[in-house]
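**Student:** Residue numbers for the sequence shown, in the UniProt record's numbering: 1 to 184. Handing you a structure now.
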Amino acid sequence: MKILFPFIALLFLSSCIPEGQERGKFELTNEERQTIPYLAGERIAFSHSNGFEFDLKVSNKDTKFQKSETYHAGDDYFTYETLTTILESDVPELTINLTVFPLAYNPFMSVEINSYFFEIDLSTPPEWEKLTLGEKEYDNVYQAVSNDSDAEIINPEKVFFSKELGLIQIIMTNDEKFTVKEEN
1 MKILFPFIAL
11 LFLSSCIPEG
21 QERGKFELTN
31 EERQTIPYLA
41 GERIAFSHSN
51 GFEFDLKVSN
61 KDTKFQKSET
71 YHAGDDYFTY
81 ETLTTILESD
91 VPELTINLTV
101 FPLAYNPFMS
111 VEINSYFFEI
121 DLSTPPEWEK
131 LTLGEKEYDN
141 VYQAVSNDSD
151 AEIINPEKVF
161 FSKELGLIQI
171 IMTNDEKFTV
181 KEEN
């Protein structure tokens, strides 16, 4: 019983820690919501550098509020809204998650391609005012480069993105390219 009493007392005291207070709430602006220009159910045509064409289907587009991480019970926190869009294709097997945050909370857009992460800093000007890929010219293009240098595994190495068109091109470590199909 002597051993059980301190355990019960500790359990009781730990359950009495006050809940942290929300210290700020960050919501997406309309402009931030338009950073990812896709609609749920939409299909985006892409071409592979080997010649075949495929569609990325927008399988989900959803906003939600999340809490900032806290490290101790009772810590104060912030809440922030995120917009996540999921694009998928069967061949090639791609799952792409695009997540945008309120710029006031986090200026980086997260791009996840088959579990490989990229960050695009939306608070800075795009890397390319004009970028030519093939015979098509694109305006205001952001570029993200992977820090993963494992040459043994084929994975995404570079991503090109614009707020107007979304994903423009993905370059893999074996130089395969997935490029948004040019409209005629």
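Beta carbons are placed, not taken as given, at the ideal position from N, Cα and C, and that holds for glycine.
From this set, Glu27, Phe46, Asn155 and Arg23, which residue's C-alpha is nearest Phe178's C-alpha?
**Tutor:** Here residue 178 refers to the residue found at position 178 when the sequence shown is read from its first residue. Comparing Cα positions, the closest option is Phe46.
**Student:** Inspect the CB distances between the region 88-106 and the region 131-147 and report whether three or more fall short of 8 angstroms.
**Tutor:** The region 88-106 vs the region 131-147: no contact.
**Student:** Flag Ala40 as yes when its Cβ comes closer than 7 angstroms to any non-hydrogen atom of the ligand COA, and as no otherwise.
**Tutor:** This structure lacks the ligand COA; in fact it carries no ligand of any kind.
**Student:** Please say whether Lys25 and Thr79 have beta carbons closer to each other than 8 angstroms?
**Tutor:** The count along the sequence shown starts at 1 and reaches residue 79 at position 79. The count along the sequence shown starts at 1 and reaches residue 25 at position 25. A contact, by the Cβ cut-off of 8 angstroms.
**Student:** Taking only three categories from DSSP, how would you classify Asn50?
**Tutor:** Against the sequence shown, residue 50 aligns to sequence position 50. Reduced to three states, the DSSP call for Asn50 is coil.
**Student:** Hey, out of Glu69, Arg23, Glu31 and Pro18, whose CA is closest to Ser123's CA?
**Tutor:** For the purposes of this step, residue 123 is taken as the residue at position 123 of the sequence shown. Ranking the options by Cα distance to Ser123, first place goes to Glu31.
**Student:** Looking only at DSSP bridge pairs, what is Lys181 linked to?
**Tutor:** Within the sequence shown, residue 181 is the residue found at index 181, counting from 1. DSSP output for Lys181 lists no bridge partner at all.
**Student:** My output table needs one value for Glu31: the three-state DSSP class, helix, strand or coil.
**Tutor:** Here residue 31 corresponds to residue number 31 of the sequence shown, with the count starting at 1. Helix, per DSSP.
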